[in-house]
Amino acid sequence: MAVLIGFVGLLACQLLGELIVKAGHLPIPGPVAGMIVMLIALMVRGRVPDGVRFVSEGLLKYLTLLYVPAGVGIMVYFATLGQNLLTIAVTLVGSIVLTQIVTALVLKALTRKRGQNEADCS
Amino acid sequence: MTPAIDQLWVYLTSEPLLNLLLTFVAYMVGVTLHRFFRGFALFHPVIVATTLIVLTLLGTGTSYARYFDGAQFIHFLLGPATVALAIPLYDHLGKVRQMLFPIMSACVIGILVAAVTTLGIAYAMGASHELLMTLAPRSVTTPIAMGVADELGGIPSLAVGFVMLTGAVGATTGPLLFKLLRIDDPAVQGFTMGLSAHGFGTAQSFSTLGPVAGAFAGLSMGLTGLVTAFLLPVLVMWLGG
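Protein sequences appear in the order of chains A and B.
Letter 50 of the first sequence, counting from 1, is numbered 50 in the working numbering, and no numbers are missing.
Letter 194 of the second sequence, counting from 1, is numbered 316 in the working numbering, and no numbers are missing.
Next comes the structure, spelled out in structure tokens:
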């Protein structure tokens with residue numbers, strides 16, 4: 001039963017999310033709204049039910065498998081990819097490296113400052 | 123082929139079973155290769171599985187639509203998996219509240235840098251509007267990226283390809299940059315990996331940077347997806363789309 005409850009919980013939150021997005025004409029995907037619904041439900045309940053945790057951890061463990069069917073769709077766009085190969089390669093690598101450098105340095109600076117403040121107070 | 127085997131083949135290829143099985147087996151081959159090459163990111167199970175499946179489909183002359191008839195059962199689970207991202211987020215709610223300001227600032231700044239550099243570099247190199255809108259959501263996890271690309275007027279299934287490439291590249295460059303920049307706090311490492319390389323970065327964090335990095339990667343993957351879904355459409359509108 002626990003596994004069933006877990007699945008029902010996830011699907012019910014997704015359904016609620018889809019309904020909220022459709023009804024409110026929101027610019028976000030339904031499952032994302034479902035994730036917020038789930039987060040609020042967990043905060044109200046105060047703990048993660050065993051079944052929900054079991055099913056969720058199983059799904060997240062194989063998250064990368066779930067990308068595969070959509071990823072295979074790239075075969076339809078080989079022509080587009082080939083024409084823009086250099087643009088795509090430079091954009092991806094350049095943007096990823098810059099994003100990682102800035103994110104890591106910003107978070108490091110902000111958390112260190114905080115750590116120092118706490119040390120000063122004590 | 124004898125008629126009997128021929129008929130059997132026609133029967134099997136018309137059923138979803140074969141393509142569903144192909145997806146699982148290709149992924150298992152990917153996992154095995156990935157272990158063999160000690161987690162080298164370009165041998166990521168997804169990259170290996172996708173390559174194997176595309177080659178098989180091209181070799182047997184199977185269309186993507188036919189393949190997807192079977193694979194859609196796996197694809198469907200992306201929805202509940204996105205909802206499931208709420209669980210790591212909830213687990214670390216205490217830490218999130220405690221580090222709320224640094225985390226939210228780094229998250230918003232990181233997303234802006236990712237979006238602006240992506241659009242800027244691609245635009246400078248002469249990419250079309252459609253390609254720009256397909257590249258824009260590349261740093262968030264697949265189901266969110268597909269929704270956002272669709273929203274912006276990009277091509278959802280091509281966006282998935284960029285998401286996967288981003289994950290593989292980001293999971294490789296991240297640890298190298300941390301060494302270069304002397305970033306040794308696992309929370310900072312994991313957060314950066316999850317923000318820039320979503321699910322791939324999270325998997326890589328758990329396996330090579332430790333459990334704290336893994337938890338923060340999962341957290342930032344969920345948070346980044348959430349914030350991006352709200353922020354990117356607004357940003358694109360503001361930049362003149």
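Think of the CB as a built atom: it goes at the ideal place given N, C-alpha and C, for glycine as much as any other residue.
*Any idea what DSSP makes of A:Arg112, helix, strand or coil?*
Helix at A:Arg112.
*Near-chain B residues of the stretch 17 to 29 of chain A - C-beta to any C-beta below 8 Å*: Gly17, Pro27, Ile28, Pro29
_the stretch 42 to 60 of chain A in contact with the stretch 141 to 161 of chain B per 3-pair CB rule at 8 Å_ = Cβ pair count under 8 Å is below three, so no.
*asked:* Would you say B:Ala203 lies against chain A (beta-carbon separation less than 9 Å)?
replied: yes
*Which whole-angstrom value describes the C-beta separation of B:Val282 and A:Ala12, a residue pair presumed to lie in contact below a C-beta threshold of 8 Å?*
About 26 Å separates the beta carbons of B:Val282 and A:Ala12, which is beyond the 8 Å limit, so they are not a contact pair.
*CB contact flag (A:Thr87, B:Met286, <9 Å)*: no
*What's the gap between the Cα of A:Glu118 and the Cα of B:Leu357?*
Confidence is the limiting factor: at A:Glu118 the pLDDT is only 48, short of 50, which leaves the residue's position unreliable, though a coordinate-based value still follows. Answer to the nearest angstrom: the Cα atoms are 36 Å apart.
*Closer than 9 Å, CB to CB, is B:Glu273 near chain A or not?*
yes
*Would A:Ala2 count as contacting chain B if we go by Cβ distances under 9 Å?*
no
*Could you please give the first and the last residue of the uninterrupted alpha helix (DSSP H) stretch that includes A:Val44?*
From DSSP, the alpha helix (DSSP H) with A:Val44 extends over 30 to 45.
*Taking C-beta pairs closer than 7 Å, name the residues in chain B that A:Gly71 reaches, listed in chain order.*
Near A:Gly71 (Cβ distances below 7 Å), the residues of chain B are Val168, Thr172, Val282, Gly283, Met286.
*For chain B, is any of its Cβ atoms less than 9 Å away from the one on A:Val44?*
False, the Cβ-Cβ gap to chain B never drops below 9 Å.
*In angstroms, rounded to a whole number, what distance separates the CA positions of B:Tyr79 and B:Ser279?*
Any answer about residue 79 of chain B is impossible in this case: the structure gives chain B only from 123 up to 363.
*asked:* Between A:Thr103 and chain B, is the shortest Cβ-Cβ distance under 9 Å, so that the two count as touching?
replied: yes
*Using a beta-carbon distance below 9 Å, is B:Thr295 in contact with chain A?*
yes
*Starting from B:Val262 and walking both ways along the alpha helix (DSSP H), at which residues does that stretch end?*
Run containing B:Val262: none; DSSP gives neither H nor E here.
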